[in-house]
Amino acid sequence: SHHLRRLVETGLVTQERHATTLICRAHYPAMNALIGFLADECCADALCTASPKAPGAVTDV
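Following the working numbering, the residues of the sequence shown are numbered contiguously, the last one being 48.
This is the structure in structure tokens:
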């Protein structure tokens, strides 16, 4: 698909071909860098976090 092609072009996804099978994998370091950049740019004046809370995590009330 054209969406997947763009993700590969930007380095967010890698592809590996095995015969007729195409395996796509997320490139987590690139995704984390993008999330960090977006959080810095979009949340500069807000109180937000770049990563979600872990399941079962205790939050301040």
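From the three backbone atoms N, C-alpha and C, an ideal C-beta is built for every residue, glycine too.
No experiment lies behind these values; they were computed from the predicted model shown.
Secondary structure of Cys29 (DSSP, three-state): helix.
In terms of Cβ geometry, Leu(-9) and Met18 do not form a close pair [threshold 8 Å]. Proximity to Arg12 across Glu28, Gly23, Ile22 and Val(-5) peaks at Val(-5), based on C-alpha coordinates. For His(-10), the enclosing alpha helix (DSSP H) has its first and last residue at His(-11) to Glu(-4). CA-to-CA, the gap between His(-11) and Ala20 works out to about 23 Å.
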